[in-house]
Each structure stands twice: as structure tokens, then as C-alpha cells.
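Visitor:
Number of protein chains: 2
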Amino acid sequence: MADINFSNPTRDPDVRGTDRPAAPRSGDLRWDIIELLFFAYRDFVGDADNELEAFGFGRAHHRVLHFVHRYPGLKVADLLDVLRITKQSLGRVLKQLLDEGYIVQRTGNNDRRQRLLFATPKGETLVAKLAGLQTDRITHALRDINPAGIDTVRQFLRAMIDQDDPDKVLEVILKPAGATAKA
Amino acid sequence: MADINFSNPTRDPDVRGTDRPAAPRSGDLRWDIIELLFFAYRDFVGDADNELEAFGFGRAHHRVLHFVHRYPGLKVADLLDVLRITKQSLGRVLKQLLDEGYIVQRTGNNDRRQRLLFATPKGETLVAKLAGLQTDRITHALRDINPAGIDTVRQFLRAMIDQDDPDKVLEVILKPAGATAKA
DNA sequence: AAATTTATGTCAGCCATATTGACGTATCTT
DNA sequence: AAGATACGTCAATATGGCTGACATAAATTT
Numbered sequence: 037m038a039d040i041n042f043s044n045p046t047r048d049p050d051v052r053g054t055d056r057p058a059a060p061r062s063g064d065l066r067w068d069i070i071e072l073l074f075f076a077y078r079d080f081v082g083d084a085d086n087e088l089e090a091f092g093f094g095r096a097h098h099r100v101l102h103f104v105h106r107y108p109g110l111k112v113a114d115l116l117d118v119l120r121i122t123k124q125s126l127g128r129v130l131k132q133l134l135d136e137g138y139i140v141q142r143t144g145n146n147d148r149r150q151r152l153l154f155a156t157p158k159g160e161t162l163v164a165k166l167a168g169l170q171t172d173r174i175t176h177a178l179r180d181i182n183p184a185g186i187d188t189v190r191q192f193l194r195a196m197i198d199q200d201d202p203d204k205v206l207e208v209i210l211k212p213a214g215a216t217a218k219a
Numbered sequence: 037m038a039d040i041n042f043s044n045p046t047r048d049p050d051v052r053g054t055d056r057p058a059a060p061r062s063g064d065l066r067w068d069i070i071e072l073l074f075f076a077y078r079d080f081v082g083d084a085d086n087e088l089e090a091f092g093f094g095r096a097h098h099r100v101l102h103f104v105h106r107y108p109g110l111k112v113a114d115l116l117d118v119l120r121i122t123k124q125s126l127g128r129v130l131k132q133l134l135d136e137g138y139i140v141q142r143t144g145n146n147d148r149r150q151r152l153l154f155a156t157p158k159g160e161t162l163v164a165k166l167a168g169l170q171t172d173r174i175t176h177a178l179r180d181i182n183p184a185g186i187d188t189v190r191q192f193l194r195a196m197i198d199q200d201d202p203d204k205v206l207e208v209i210l211k212p213a214g215a216t217a218k219a
């Protein structure tokens, strides 16, 4: 098992005596940005992950709490669209957040089948704490970037998102700033 | 359980007759960029996830294959640093990739305990396919951004990464372009 | 009014991916 | 020879996904 059949010793001229990873290869692919996105996101969510441990929560709880906080009165169905998970998966984390008092439900005004979700003050506190950590990182990352550059970053991130997503939350997000859900 | 004790009906003036998610709240936190990062990354990795299904692989396989491809001769220990997972988790994924011929190991030249990892042609093909999908998305997102703006985006992403990470791969990545691992 | 659809919740079971801790072996370093 | 290192593996466990089935209440359609 531990033996290696490396029958083509000519294809990796990068490995000489040093046994260190070779320099990245180039090409017509955006390897650099692919990797930057990986590391940036890894460390970005890492901030919150560390904090969440203390509460016995995971990343899923954070996502739910975040969107409920940001879009008060969000329906369960909306949350499913946004998070792209199944009802069952959402159910577990949502139940915890409800039981532990981070979120409350209220029956819809028009449609009494709906359970509209709201963050409690306890939930607000936690989500603000987590967003604070992430904001610190973002603010630091934007420190040497001027306002126009910040717009460019936003533009890039917006354009990375599927535009054909029939998602209420995304409608709001993808609209140019200022056009916030005014009916 | 389904009953709701919402004892403070005055705290959500956003919910009127419409029962639609309210507009996002503002404040001193970078909610906009936090959300953009979430959606951008969700859709970015979604491209590869869809393709990986056909191979019976998951995101973890992609990550391993990606970094082995990019840094030929990567050691197992390096991979653990980069992916921030445990040896056991990596073990399973790596074993599959080895068994199915996407990656090969070779004993280190200097240190024969090491198992240096290389992508096979089969592995190269798959990783290039996945990177192609992601590159398409990135290229599209950068379409209307000029070269200076693209540098700004890179600068932002780089600055989002933990700078104090004693990681060989990151050393390479975080160095200003051009200074690629030249000893 | 009855039938259908919708929004939500829940149960049972499965899978992928992560965890910690322990141990074994080969190899390098001292 | 002793200890540290690189790697592999085993056992047990947790989280967070999944599918499919089913139940209920409420809205909508017929």
C-alpha cells in the first residue's frame, strides 16, 4: 500500500532536491482568484466559527440568525431558498434557535400558515457580535482601498452571484444600492 | 410549540400587511459585504459541486486535487495546514483520490518519510474542468472591471486572509505577484 | 362544500465530512 | 540508543447535509 508506482518520472521537473511545493502553474485559468476566494472565505467564516463554538452553534445557526436578523419577518420558505438546504436540515437548527430564544415565530398576517421569523434581542446581540468580527476583517481589508475601489469590490462580488436566482432576498441585494424593497 | 409568545409587538414596524421581508437594516457593520461574500462563495463553489457529483466526489476532493495540482509535490502535512482539517478527514478523501488514480504519491527525496503528492493526467483533467467552470464565472464577474480594478479585487481578497499564517502555500500566494517561490 | 394546493413541521434513515484520541511504523535527528 | 517527525489507521462520535413519506392547517380553486 505504501509503495508507489510512479511510472512516469519525467513529468514533474519541479521537484528537485528541495522537496518543497513548486511555484503555482500558470495558464488561461484564474487560479489566483480561485485560491484567493478559498482562503479569504475560509478565514472570513473562521472568525464567526470560533465564536459560535462557545454557544454550541455551528455555521448553519449563524446563517439562519443572520438572515432572520437582516430581513425581519422572513418566511421559512424564503430561508430555504437563500440557504439552499432542505426543510429538514433547516428544521433542526431553527428549532434550536427557537428553543434557546434567539428567534421567535409569528403567524403571518395575510396568510396564517406562514411562520414569520424574527430575531429576539438575544439573537440580535449574538448576530451583531459575529458581524462585528467579520466587519473588523472587512474594514481591515478595505483600509487601503478608496471608495471607488470599494465599489469595484462590491461590483465584483455582486457579479459573482447567479443573476437568474428567483430569490426575494437576492432581489434586494442585487439591486443597486438605494433601491431597497420599496414596493 | 406552534404558538408564539411575541410579547413585544412594537419592535417590528416593518411587518405590515404585506408579510414580505423588510429591507435590510443599516448600521456601522458591513452587512452588505458580509452577504455578498456569502452568496458569491455559495454560487462560486456551486459550479464545481454540481460537476463533482458526477464523479462521486465532494468539495473536499476538489480542494485536495486543486492544491496538489497547483503545488506539485505537496506533502500531506502541507495539505493539512492549507485545508485546516484533520489527518483523519484528509485520509479518507486522499485515499479515494489515490485509489481512483487522480493523485499519486512519491517518497520524498531528502526525507523518505514524506509522501509527496502529484496529480495524474486524469487528475489534471478533472481539476482543469472544475477550474474552467469557476474561471468562467470569475471572468464574467470581471468583465466590466478594468485591470486596475481587478488588482483592487485581488488586493481586497488577499487582505481578507489571515496574514500571520505560517503556511507555505500562503507564503506563495500572499507574495506580490511575480515573487513566486524563488528561493 | 369539496377538492386541491401550499406552508410548515416531523419522523426515520442515510451519507459525507468533520472531530478527538490512541496507536503503529518508518525514518530522521540527536 | 533515544526521541522526534511524517504518515497511516482504527474506533467512536458529531454535525449538517440528504431523500422520502406523511400530517396538519390554511388558502385557493372548482
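Keeping their order, the protein sequence lines are chains L and E. In terms of this note's numbering, the first sequence has 139 at position 103, counting the first letter as 1, and numbering is strictly consecutive. In terms of this note's numbering, the second sequence has 205 at position 169, counting the first letter as 1, and numbering is strictly consecutive. Beta carbons: idealized from backbone N, C-alpha and C, even for Gly. In this text the structure is predicted, and so the values were computed from the model without any measurement.
Step through the CB atoms of chain L and report whether any lies within less than 9 Å of the CB of residue 189/E.
Guide: It does; some Cβ of chain L falls within 9 Å.
Visitor: Confirm, please, whether the CB-CB distance from residue 159/E to residue 118/E is below 9 Å.
Guide: Contact flag unset, no.
Visitor: Rank 145/E, 183/E, 137/E by C-alpha distance to the C-alpha of residue 161/E and give the top, closest one.
Guide: Per the Cα distances, 137/E.
Visitor: Can you check whether the CB of residue 116/L is closer than 9 Å to the CB of residue 152/L?
Guide: Not closer than 9 Å, so no.
Visitor: Across the stretch 160-175 of chain L and the stretch 74-83 of chain E, are there enough close Cβ pairs to call them in contact, namely three or more that are closer than 8 Å?
Guide: As far as the Cβ criterion goes, the stretch 160-175 of chain L does not touch the stretch 74-83 of chain E, which means the pair count is below three.
Visitor: Return the residue from the list 70/L, 125/L, 120/L, 88/L that minimises the CA-CA distance to residue 165/L.
Guide: Selected option, being the one with the closest Cα: 88/L.
Visitor: Are residue 133/L and residue 101/L closer than 9 Å when you measure CB to CB?
Guide: It is a contact, given that the beta carbons lie within the stated cut-off.
Visitor: For residue 140/L, I'd like the list of residues in its chain whose CB is within less than 6 Å of its CB, leaving aside the five on either flank, ordered along the chain.
Guide: So the list reads 154, 156, once near-sequence residues are dropped.
Visitor: For residue 200/E, which residues in the same chain have their Cβ closer than 8 Å to its Cβ, ignoring the five residues on either side in sequence?
Guide: No residues qualify anywhere along the chain.
Visitor: When the Cα of residue 106/E is compared with those of 187/L, 182/L, 65/L, which residue comes out closest?
Guide: It is 65/L.
Visitor: Could you tell me which residues DSSP puts in a beta bridge with residue 155/L?
Guide: 139/L, per the DSSP bridge assignment.
Visitor: Taking 9 Å as the CB-CB limit, is residue 87/E close to chain L?
Guide: So, not an interface residue.
Visitor: For residue 46/E and residue 142/L, what's the separation of their Cα atoms in angstroms?
Guide: At residue 46/E the pLDDT is 33, less than 50, meaning the model places this residue with poor confidence and gives no usable figure here.
Visitor: Check whether the Cβ atoms of residue 120/E and residue 127/L sit closer than 9 Å, and answer yes or no.
Guide: No, the Cβ-Cβ distance between residue 120/E and residue 127/L is not below 9 Å.
Visitor: So which residues on chain L does residue 77/E lean against when the C-beta distance must stay under 7 Å?
Guide: Here the neighbours are 73, 77.
Visitor: Determine the DSSP secondary structure at residue 110/L, reduced to helix, strand or coil.
Guide: Residue state, collapsed to three classes: strand.
Visitor: For residue 148/E, count neighbouring C-beta atoms within 10 Å of its own C-beta (all shown protein chains included) and say buried if the count is 16 or more, exposed if not.
Guide: Result: exposed.
Visitor: Nearest by alpha-carbon distance to residue 194/E: which of 181/L, 191/L, 194/L, 197/L is it?
Guide: Cα-wise, what sits closest to residue 194/E is 181/L.
Visitor: How many whole angstroms separate the CB atoms of residue 184/E and residue 67/L, which I take to be in contact at a CB cut-off of 8 Å?
Guide: Actually they do not touch by this definition, with Cβ atoms about 21 Å apart.
Visitor: Could you give the C-beta distance for residue 169/L and residue 96/L, rounded to a whole number, given that I count them as a contact under 8 Å?
Guide: Residue 169/L to residue 96/L, Cβ: 18 Å. No contact.
Visitor: May I ask you to report which of helix, strand or coil DSSP gives residue 179/L?
Guide: Looking at residue 179/L - three-state DSSP - the assignment turns out to be coil, as it is neither helix nor strand.
Visitor: If we count the other Cβ atoms within 10 Å of its Cβ and call it buried at 16 or more, is residue 122/L buried or exposed?
Guide: Exposed, by the Cβ-count rule.
Visitor: Do residue 163/L and residue 189/E count as a contact pair if the criterion is CB distance below 9 Å?
Guide: Not closer than 9 Å, so no.
Visitor: With 9 Å as the threshold, decide whether the Cβ of residue 120/L is near any Cβ in chain E.
Guide: For residue 120/L, the answer is yes, since a Cβ of chain E falls inside 9 Å of its Cβ.
Visitor: So which residues of chain L does residue 135/E contact, with C-beta pairs closer than 9 Å?
Guide: Under the 9 Å cutoff, chain L gives no residues; its nearest Cβ is about 10 Å from residue 135/E.
Visitor: Using a Cβ-Cβ cut-off of 6 Å (strictly less than) and excluding sequence neighbours within five positions of residue 129/E, which residues of its own chain qualify?
Guide: So the list reads 96, 97, 100, once near-sequence residues are dropped.
Visitor: For residue 94/E, tell me which candidate among 125/E, 72/E, 112/E, 108/E has the shortest Cα-Cα distance.
Guide: Comparing Cα-Cα distances from residue 94/E to each of 125/E, 72/E, 112/E, 108/E, the minimum goes to 125/E.
Visitor: Please decide whether residue 171/L counts as near chain E, where near means a Cβ-Cβ distance under 9 Å.
Guide: With 9 Å as the cut-off, residue 171/L counts as an interface residue toward chain E.
Visitor: Is the CB of residue 91/E under 9 Å away from at least one CB in chain L?
Guide: So no, residue 91/E is outside the interface.
Visitor: Residue 198/E versus chain L: which residues are under 7 Å apart at the beta carbon?
Guide: Chain L residues near residue 198/E: 79.
Visitor: Exposed or buried, which one is residue 114/L when buried takes at least 16 other CB atoms within 10 Å?
Guide: Buried, by the Cβ-count rule.
Visitor: Run down chain L in chain order and give the residues with a C-beta less than 8 Å from the C-beta of residue 161/E.
Guide: None at all; the shortest Cβ gap to chain L is about 13 Å.
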